[in-house]
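What follows is a set of notes on a single structure, which appears directly below.
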Amino acid sequence: MSDKASSHDCGFLEDVLPADRIAVDRSNREEFALDASVHEPVMPDAVVWPQSTEEVSDVLAAAHERGVPVTPWSGGSGLEGGGIPVEHGIVLNVKDMTGVDVEPENLQATVGPGVVYDDLNEELAKHGLRFPPGISSGDIATIGGMIATNASGFNAVKYGETRDHVRRLEVVLPDGEVVECGRGVVKTSSGYSLKDLFVGSEGTFGVVTEATIAVSGIPEHKRAALVTFPSRTEACAAVADVIGAGLVPAAIEFVDTLTTELINEYRDADALTEAPTLILEFHANNSGIEEDVEFARGICEDHDASSWEAVGEREMDDVWSARRDALPAYRAHGEDLEPAFLGDVVVPIANYPELVEMVADASEELDVLTPTVGHAGDGNLHYAPLVPEGDEDARERASKVHERVVEAAIDMGGTATGEHGVGLGKRKFMRREHGGALELMRTLKDAVDPAGTMNPGKVVPDVDDSSK
Ligand SMILES: Cc1cc2nc3c(=O)[nH]c(=O)nc-3n(C[C@H](O)[C@H](O)[C@H](O)COP(=O)(O)OP(=O)(O)OC[C@H]3O[C@@H](n4cnc5c(N)ncnc54)[C@H](O)[C@@H]3O)c2cc1C
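Reading the sequence shown from the start, the letters are residues 0 to 467 in numbering that gives the first Met the number 0.
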């Protein structure tokens, strides 16, 4: 682990925060050297836990004055290294900023960045409401982290991603200035949408200290089904047809055969039939849900579905819990296999079957075991090339699979990342995806953070980087 322990003198923090909210000891610095990604850890020089916007502002102003980098941190569940303090400096952890103010009559809530997704939904449920983007790491991920990465999950196909729910943000800029962007209203045409600049910016423009987000009612009716297919091609073609037919499921997930096997192995149970599988869920408040389910079933049968199993409301949690275990199952597989990369591409829905085939072909050709799973209704596919620990040749082959897939997705008109963010790992694909717009991103970064102290080394590749 990289530890240039005294790369930045952070003694000034003692004049800014109470001593019990600053840590410079090794074990704390080690804990915040790495998020949940596969990237190399880097030790910060100090970790701080501010409790208010004013304290965040004081830390940023003092660090800015001295040229000390600051990396925001919430739940630490990021999968692309966005929270790794690659230039050391300060990790600023907002986990204590957990205010929740629900306005049921306005269908919105104003929340602190440290509120954990599941905790927010528990609070909202008291009012019959929920924050619906859905995320598999809901027990760890916070609203601040979700805004910073524009996170989403199972339910984005119906309810949209985090960005679609952000109405107003309070942000502390790199020099400590506090700004409000957006309003707590459903619509506005007033000027540039600055809140959208901060959503998905992964802490490179400032620290989100408060957010007003739109929330929705808990749906009255839910139906779900587990559907298996003779091949992944038929499963994915069925997804494209369900979406193409104008149906709006609340979730439509693809799980490949290898992933069903790994989940069963991880859970030591027959949670899923070991075959290419779709998990479908429909929500409604009025009538019509049965017709939607039957329509979807007809499409699946047109694609030779091998089985259709209706899942009752009580069993739904078990099915989603099994699906959530995909990543832990990849990580736990075998004694010495580990994911070399965690892919997160998105393509236009009509290209989804082609993308899934492409991943399988590239993995076979390069002899890499690559399980896949995805929020298929959004065209979002996750894949995890598994390699033996320490096997550099296998890692090189996995890297080729990863590069081929990301490049193919971009060339199909898609994106390198649907929800995990660019962080460290996707910077090299930014040129291929954004072309000349990458220069505009650099201009914006320089304008908002001229000293370059706000989460440096993330999102935008260095000018001399051989970006693809
Ligand atoms: C098992 C597992 C399942 C996952 N499933 C999903 C999924 O379904 N969908 C999905 O989208 N992601 C998923 N993720 C990834 C991760 O949970 C999300 O990226 C999440 O949004 C990160 O939230 P966090 O609070 O942990 O943020 P962190 O990991 O702490 O930070 C993420 C990024 O946001 C920045 N940041 C954090 N807080 C702030 C702030 N207050 N202001 C400005 N910048 C900030 C950090 O600097 C970093 O760049 C999964 C991860 C795991 C481990």
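Where a beta carbon is used, it is the ideal one built from N, C-alpha and C, also for glycine.
Can we count residue i as close to ligand 1, meaning its CB is less than 7 Å from some heavy atom?
i	result
Asp-377	no
Ser-398	no
Met-42	no
Met-357	no
Asp-34	yes
Thr-187	no
Val-93	yes
Lys-157	no
Pro-131	no
Glu-300	no
Thr-70	yes
Glu-201	yes
Leu-196	no
Ile-139	yes
His-220	no
Ala-270	no
Val-404	no
So, residue i versus residue j, is the Cβ gap smaller than 8 Å?
i	j	result
Glu-252	Ile-288	no
Gly-199	Thr-141	no
Glu-201	Gly-424	no
Gly-127	Ile-217	yes
Gly-66	Thr-452	yes
Phe-281	Arg-322	no
Tyr-351	Cys-235	yes
Tyr-382	Gly-417	no
Glu-176	Glu-169	no
Ala-150	Ile-134	yes
Val-55	Leu-91	yes
Glu-337	Leu-385	yes
Asp-291	Leu-246	yes
Glu-356	His-302	no
Val-69	Val-41	no
Using three-state DSSP, classify residue i as helix, strand or coil.
i	result
Glu-209	strand
Arg-34	Just to set this straight, residue 34 is Asp in the shown sequence, not Arg. In this structure, Asp-34 counts as coil in the three-state DSSP scheme.
Tyr-265	helix
Leu-368	strand
Ser-5	Model confidence at Ser-5 stands at a pLDDT of 48, short of 50, so the residue's coordinates are unreliable and nothing is read from them.
Ile-139	coil
Asn-454	coil
Val-358	helix
Pro-112	coil
Tyr-191	coil
Ser-306	strand
Gly-74	coil
Val-46	strand
Asn-284	coil
Leu-172	coil
Thr-256	helix
His-126	coil
His-401	helix
Lys-221	strand
Asp-100	strand
Ile-348	helix
His-433	helix
Asn-92	strand
Thr-167	Strictly speaking, residue 167 in this sequence is Arg, with Thr absent from that position. Residue state, collapsed to three classes: strand.
His-381	strand
Phe-316	The sequence given here places Asp at residue 316; Phe does not occur at that position. Correct three-state label for Asp-316: helix.
Leu-336	strand
Asp-343	strand
How many whole angstroms separate the CB atoms of residue i and residue j, which I take to be in contact at a CB cut-off of 8 Å?
i	j	result
Ile-212	Phe-153	Not a contact, Cβ separation roughly 18 Å.
Glu-173	His-63	This sequence places Pro at residue 173; Glu is not what is there. Sure, about 6 Å apart at Cβ, within 8 Å.
Pro-112	Val-238	At roughly 34 Å, the Cβ-Cβ gap does not stay under 8 Å, so Pro-112 and Val-238 are not in contact.
Arg-166	Gly-181	6 Å
Ala-155	His-374	6 Å
Leu-16	Val-47	6 Å
Ala-415	Ala-408	7 Å
Ala-274	Thr-227	4 Å
His-348	Gly-205	Per the sequence shown, the amino acid found at residue 348 is Ile instead of His. The Cβ separation is near 34 Å, so there is no contact.
Thr-203	Asn-454	5 Å
Determine whether the Cβ of residue i lies closer than 8 Å to any Cβ atom of chain D.
i	result
Gly-435	You won't find chain D in this structure, because it holds only one protein chain.
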